[in-house]
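Here the protein sequences line up with chains A and B, keeping their order. With numbering that gives the first Met the number 0 as the guide, the letters of the first sequence map in order to residues 0 to 168. With numbering that gives the first Met the number 0 as the guide, the letters of the second sequence map in order to residues 0 to 356.
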Amino acid sequence: MLETFLFFLFAIVAVVGALGMLIARNPVSSALWMIMTLFSIACLYITLNAEFIGVIQVLVYAGAIMVLFLFVIMLLNLESMPSLGDLDWRKVVAFALGIAVLAQLLVVISLKLDVMPEPVAIAEAADATSATNIGIALLTEHSFSLEIIGVLLLAATVGAVMLAKKRFV
Amino acid sequence: MATLQAIWEFIDLPLVIFGMLNGFLITASLLVYAERKVSAYIQERNGPDRVGPVGLLQPFADVFKLIFKEDIVPTKATGFIHSLAPTLMVIIAMSTGAVIPWARTPSGEALAVADVGVSLLVVLAMTSISVYGVTLAGWSSNSKYSLLGGLRSSAQMISYELAMGAAAISVVVMAQSLNLFHIVENQNHAEFGILSWNIFRNPIGFIVFAVCALAETNRAPFDLPEAEQELVGGYHTEYSGMKFGMFFLAEYVNLWVAGIFISTMFLGGYLLPWEGLYSGWFLENGLGGLFTFLQVLCFLAKVAFIAFCFIWIRWTIPRFKYNQLMNLGWKYLLPISIANIMLIALIVVVFNQFGWA
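Below you can see the structure in the form of structure tokens.
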């Protein structure tokens, strides 16, 4: 009961945060709204008994990636965006309605094709998302993808260093 | 009686949390006093001795001064975020205590507010979030000195977080668990006593972790955030009154939390020295509660010792320059701690292979 209540509470907070990110005109406020969304998503994971993934979400996304975002935004000292009054509201409404139609279509198609995921029992979900099981799955079943990602990240790091050197030396 | 029982069951956890938060607050003020006294003795002075017996009430006088000071917000500051930043720092510093195992209950469970499965990661996540307090404080003040100070100290915290996380991984590899209670229990071997604490089994990890924890608390020799002589302070330059007091409070709570974290990970947490030899005697004579209490005291003593060492270091070692700080973090501590993970993993594999563990 409490878990259901918290789930919907944090779901609403996540959506509000996402909207706030779009509406906020100052880049730093936008980033803060996004941090709120990422936090509520972490809370959603925890209400769904995926403790490990929830904490990792905070550690990686809210804690590391968004700090770097904030850093860059502050260093660039961006101008504020044009105020909301200048927006073409007809386009906004059209976009929202288009997304709504697309979502309905996707639901209908996925129900027809029977590809919607089945709800999983709590104990099973908690077990599948424990650190041990995720580690085992990553290093056995998905070891190839893991190594590919490792190479990709290495390439990105080397590329970043190369770009930085070209600039400043 | 039944209603009393019901009421107690309803309020026992809130009561524990209330007690712990107030304990943190009082500890912070005691640490301020300790810092001033220790620094005084190191510099051959007397330190505070006017307010209350041997000056013990000095920190409370300081707090009163801060509360009654005018709260000045710079004209072009972002008001809400300017207040949010110090609050965030205090909340994060205070909430880390929730997952720390304070002792082992007689029934063999962890005495903690919330014994979650991944408590180590929770603490690391908390530390990584506290960077926001620093960054936002620097930005929202709308002052160049604050902004640069905030960027400087958040860069420092991010850099040292990596090495700290890597040092924590070496402990996780040994304990094979992300739970702080299991990590402490893993250091409990009756036949080796204190030699099975992680500081003796994993000394490199301990040194790296302690240095990083010191840098995370923004204390000397890593106290660039408050280098007022040469860098015009840091992220809290534009703060006054109790908002500045909250940064001050968060700093000392963080010092205490760093001590808690180090002693849980490396000094056997709440374990008494050679407790395997006499813990059975307490349990047989029905004194399990007393034993738990002794463990809490022992834990606090260890943490107090680490806090004393941190204060000692602060008043002994001069401050790093910024480039030295970054060199130490990225070129020495991070490679050393990664190599240490490899070494520890190798040792654990060999021990498991031969069945020595």
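All C-beta atoms in this analysis are idealised placements derived from N, C-alpha and C, irrespective of residue type, glycine included. Values in this document were obtained by computation on a predicted structure and should not be read as measured data.
*DSSP puts B/A338 in a beta bridge; with which residues?*
Listed as beta-bridge partners of B/A338 by DSSP are no residues whatsoever.
*When the cut-off is 8 Å and only beta carbons count, does B/I337 lie next to chain A?*
no
_To the nearest angstrom, how far is the alpha carbon of B/F350 from that of A/L138?_
22 Å
*Are the Cβ atoms of B/I182 and B/L119 separated by less than 8 Å?*
yes
*Are B/S38 and B/W314 closer than 8 Å when you measure CB to CB?*
yes
*Which whole-angstrom value describes the C-beta separation of B/M264 and B/D70, a residue pair presumed to lie in contact below a C-beta threshold of 8 Å?*
At roughly 38 Å, the Cβ-Cβ gap does not stay under 8 Å, so B/M264 and B/D70 are not in contact.
*For B/L296, decide whether its Cβ has a neighbour in chain A, counting only Cβ atoms nearer than 8 Å.*
no
*asked:* Taking 7 Å as the cut-off, is the beta-carbon of B/K36 closer than that to any non-hydrogen atom of the ligand GTP?
replied: Here there are no bound small molecules, and the ligand GTP is not part of this structure.
*When we look at the beta-carbon of A/D85 and count the other beta-carbons within 10 Å, is it buried (16 or more) or exposed?*
Label assigned to A/D85: exposed.
*Spatial neighbours of B/I343 in its chain, beta-carbon cut-off 8 Å, leaving aside the 5 residues before and after*: Residues of the same chain with a CB within less than 8 Å of the CB of B/I343, apart from the 5 flanking positions on each side, are S169, V172, M173, N201, G204 in chain order.
*For A/G149, return the contacting residues in chain B, with the cut-off set at a CB-CB distance below 7 Å.*
Near A/G149 there are no residues of chain B at all, since even the closest Cβ is about 14 Å away, more than 7 Å.
*Give me the Cα-Cα distance between B/G360 and A/M65, rounded to the nearest whole angstrom.*
The question about residue 360 of chain B has no answer here: the residues shown for chain B are numbered 0 through 356.
_Own chain partners of A/E78 with C-beta closer than 8 Å, once the 5 adjacent residues on each side are dropped_ = none
*In this structure, what does DSSP give as the bridge partners for B/A109?*
B/R103
*Straight-line Cα distance separating B/P47 from B/Y32*: 8 Å
_Contacting positions in the region 11-35 of chain A - beta carbon closer than 9 Å to chain B_ = N25, V27, S28, L31, I34
*Indicate whether at least one CB of chain B lies closer than 8 Å to the CB of A/A122.*
Cβ-Cβ to chain B under 8 Å: no for A/A122.
*Give a yes or no on whether the minimum CB-CB distance between B/A257 and chain A is below 8 Å.*
Taking a beta-carbon distance threshold of 8 Å, B/A257 does not count as an interface residue toward chain A.
*Could you check if B/H81 is buried or exposed, using at least 16 other CB atoms within 10 Å of its CB as the buried criterion?*
buried
*Counting only runs of 4+ residues fully inside the region 28-67 of chain B, write out the alpha helix (DSSP H) ranges in chain order.*
57-67
*Under 8 Å (Cβ pairs) to chain A, residues found in the region 175-187 of chain B*: If the cut-off is 8 Å between Cβ atoms, the region 175-187 of chain B has L177 near chain A.
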